[in-house]
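Undergrad: Before I ask anything, let me first share the structure, which is written out below as structure tokens.
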Amino acid sequence: MAKTALKAGARFKSAVSDAQVMIVKAPAGEFELACGGVAMVGGTAPVPEGATLAAGDAGEVLIGKRYVNADESLELLCTKGGKGTLTLDGVALEIKQAKQLPSSD
Amino acid sequence: MLSPDTIAQRYAQHLLHATGAMPLHAPVAPARHPALAWRRSGLMALTGRPEAAPAMCLVPLTAIADGALVALAALAPAGALGGDDGAALLAERAAIAGHTRRGAVSPGGACRLLATRDGAIALNLARDEDRELLPAWLQRDDLRDDAAIGAALREQTMHDLVERGRELGLAVAPVVPPPTPATAWCETLQQGPRATAVRAAPRVLDLSSLWAGPLCAQLLRLCGADVVKLESRQRPDGARRGPPPFFDRLNAGKRSVALDFTRAEERARLRALIERADIVIEASRPRALRQLGIDAEALIDARPGLTWISLTGYGRGGARENWIAYGDDAGVAAGLTWLMRQATGELLFVGDAIADPLTGLHAALAAWATHRAGGGRLLSLSLVDVVRHALQFERPADAEALRARQRDWAAQACDEVPAAPQAPVSRGTAPALGADNDAVLRDWGVTC
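Top line first, the protein sequences correspond to chains A and B. If you use the working numbering, the first sequence corresponds to residues 101 to 205, in order. If you use the working numbering, the second sequence corresponds to residues 467 to 914, in order.
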């Protein structure tokens, strides 16, 4: 599957569900970002027809949650929820722990 | 006793009329000119550029605060709120923290007014981690310093920045005029069964943090409520890390329960406490509570007499319920900074996180009045709408009326040096996190 550069602020949508994400930060280089086993589609590019969720993927992307890889060099924000597990080069991303509340505003 | 005909008095009557509550005593607001109160409360010293003279605000915010407090006092046992002063309450955090005016930077320092390609916006970076979102917000990887951020902002439009910032969970607001159509300060979103008898000392469960919600709950405690402050063990109220006298001011006298929301049995205790409360105060995004299995709408239907106070930045329902706001940027979103620029030609914040204490005052009135009437209501108050409503109250009808107000208010004790914010009287010490877990679970009959 195609690898692509991930830039802060770029948007990607799932090819197999309603899920959408925005890149918060990403390492340099090209990666394969996927949801439900199928590469996510960047920007306004059309979603390929007929793609389906990988068998056995019971994952769900939750709106408002942040997702990171193991060393937290990649961080995504889910802007629209949907089915499927998010993966980077085949490795599942994890939900980032919620931010501490501010001490004042 | 004959009530003085002041803006504060009229505002108190206006609020009481809106709640439909029968006052126990006649509301009597302090008979002072809003401009004089602005000068003497410390709010004027908090408004303006640091190197220039403090600025007068042509919105009677001190009278609004006095009126809301007096309306609550009219429904509370005599003398319950006796020692409190609405105008001073707006400046009490600044008094404790030693904040001063910083012009286009909020007194607390987290919120800034910034130029974009086609207008100004307020950006509140209240959490350190919010800075990590700036590259995604501005779609730039080269934001080395404030100058680079400023340059990136000037290439983009207010509309795009606000929309994208909201999506990312940043507290960002456009500098816009107050809306002309009347804004409600409180919305009833759901009606359920009322209670046949109400407790004189209602059980209040305070799930909120920072300023507006905790202030609301503290005012209810002063009115006679049994208040429990409930916090997550993982994410306790961030104000615990702020100046202790301010946290004490808002939370002394409450009992503290801390629960681990990651454990199913502790989430069950949270739900059990909610089911036993007469008044719930929360300032979470609705989806956060739904993810914990808490559905305010369903609870209103199931539990006769429950009063649910939902505090949000912009209101409940639709996309706006997910937009973040804090006190300073909410004041900007409501139109305060736009009005100040009209009067002074400058971009300024007004007071210190002004929407927070104003919302806390209004929320306490709404909660107390609703509980006394039997509850069974889901009430939504937003920081932005409370300030919008305040700005609309007796707003000068035209430019001529505004100039007349400007002349009259500028002349009020114009030779008197504006006072610094004055530290409030201590109410004691707030409880340590989770200090009252066992006692509250026992007293409220939670056995799970």
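For each residue, glycine too, the CB sits at the ideal point set by N, CA and C. Quick caveat, the model's predicted, so the values are computed rather than measured.
If you compare alpha carbons, which of B:Arg769, B:Gly779 and B:Arg665 is closest to Arg843 (chain B)?
TA: Of the listed residues, the one whose Cα sits closest to Arg843 (chain B) is B:Arg769.
Undergrad: Which whole-angstrom value is the C-beta distance of Arg506 (chain B) and Ala885 (chain B), which I expect to be below 8 angstroms?
TA: Contact holds; Cβ gap of about 5 angstroms.
Undergrad: Decide yes or no for the touch test of the stretch 746–760 of chain B against the stretch 668–683 of chain B: beta carbon pairs closer than 8 angstroms, at least 3 of them.
TA: Verdict: yes, contact present.
Undergrad: Might you give, ordered along the chain, the residues of its own chain that have their beta carbon closer than 7 angstroms to the beta carbon of Pro206 (chain A), omitting 5 neighbours on each side?
TA: Nothing in the structure corresponds to residue 206 (chain A), since chain A is present only between 101 and 205.
Undergrad: Out of A:Ala115, A:Ser203, A:Arg166 and A:Pro202, point me to the one whose CA is closest to Gly143 (chain A)'s CA.
TA: Closest by alpha carbon: A:Ala115.
Undergrad: Which residues share a DSSP beta bridge with Gly142 (chain A)?
TA: DSSP lists A:Phe112 as partners of Gly142 (chain A).
Undergrad: Between the Cα of Asp687 (chain B) and the Cα atoms of B:Arg699, B:Leu673, B:Ser675 and B:Arg669, which residue gives the shortest distance?
TA: What sits at residue 687 (chain B) in the sequence shown is Arg, not Asp. When each option's Cα is compared against that of Arg687 (chain B), the closest is B:Arg669.
Undergrad: Measuring only between beta-carbons, confirm whether Gly679 (chain B) sits less than 7 angstroms from chain A.
TA: With 7 angstroms as the cut-off, Gly679 (chain B) does not count as an interface residue toward chain A.
Undergrad: I'd like to know if Asp205 (chain A) contacts chain B, where contact means its C-beta is closer than 7 angstroms to some C-beta of that chain.
TA: Chain B, which has a Cβ nearer than 7 angstroms to the Cβ of Asp205 (chain A), makes this yes.
Undergrad: Could you please tell me which residues of the stretch 105–132 of chain A, in chain order, have their CB closer than 8 angstroms to any CB of chain B?
TA: Those residues of the stretch 105–132 of chain A that come within reach of chain B (Cβ to Cβ, closer than 8 angstroms) are Lys107, Ala108, Gly109, Ala110, Met122, Ile123, Val124 and Lys125.
Undergrad: Touching or not, the stretch 903–914 of chain B and the stretch 732–741 of chain B, by the rule of three or more beta carbon pairs under 8 angstroms?
TA: As far as the Cβ criterion goes, the stretch 903–914 of chain B touches the stretch 732–741 of chain B, which means the pair count is three or higher.
Undergrad: Out of curiosity, what's the CA-to-CA distance linking Met122 (chain A) and Arg721 (chain B)?
TA: Those two C-alpha atoms are separated by around 41 angstroms.
Undergrad: In three-state terms, what does DSSP make of Val852 (chain B)?
TA: Note: Val852 (chain B) maps to helix in three-state DSSP.
Undergrad: Anything in chain A within Cβ reach of Ser722 (chain B), meaning under 9 angstroms, just list it in chain order.
TA: Within 9 angstroms Cβ-Cβ: nothing; Ser722 (chain B) doesn't reach chain A, min ~16 angstroms.
Undergrad: Pull up the distance between the alpha-carbon of Gly911 (chain B) and that of Leu696 (chain B), whole angstroms please.
TA: So the two alpha carbons sit approximately 16 angstroms from each other.
Undergrad: So which residues of chain A does Glu595 (chain B) contact, with C-beta pairs closer than 9 angstroms?
TA: The answer, in chain order, is Lys199 and Gln200.
Undergrad: Let me know the beta strand (DSSP E) ranges lying completely inside the stretch 127–202 of chain A, each 3 residues or longer, listed in chain order.
TA: Correct list: 133–135, 166–168, 175–180 and 186–188.
Undergrad: Is DSSP giving Ile766 (chain B) helix, strand or coil here?
TA: Correct three-state label for Ile766 (chain B): helix.
Undergrad: Among B:His480, B:Met624, B:Phe727 and B:Asp794, whose alpha-carbon lies nearest the alpha-carbon of Ala592 (chain B)?
TA: Considering only alpha carbons, the answer is B:Asp794.
Undergrad: What separation, rounded to the nearest whole angstrom, lies between the Cα atoms of Leu468 (chain B) and Gly840 (chain B)?
TA: Confidence at Leu468 (chain B) is low in this model, with a pLDDT of 49, below 50, so the placement of that residue should be treated as unreliable; the coordinate-derived value is given next. Distance between the alpha carbons of Leu468 (chain B) and Gly840 (chain B) is about 31 angstroms.
Undergrad: Can you confirm whether Thr144 (chain A), when its beta carbon is compared against all beta carbons of chain D, has any partner nearer than 7 angstroms?
TA: Given the protein chain composition of this structure (A and B), no chain D is represented.
Undergrad: At least one CB of chain A closer than 7 angstroms to the CB of Ala819 (chain B): is that the case?
TA: Closer than 7 angstroms to some Cβ of chain A, the Cβ of Ala819 (chain B) qualifies, so yes.
Undergrad: Alpha carbon to alpha carbon, what distance is there between Ile790 (chain B) and Leu502 (chain B)?
TA: Roughly 34 angstroms between the two C-alpha positions.
Undergrad: With a threshold of 6 angstroms on Cβ separation, who are the neighbours of His499 (chain B) within its own chain once the five nearest residues in sequence on each side are excluded?
TA: Same-chain partners within the cutoff: Gln878.
Undergrad: Helix, strand or coil for Leu847 (chain B) per DSSP?
TA: Of the three classes helix, strand and coil, the one that applies to Leu847 (chain B) here is strand, per DSSP.
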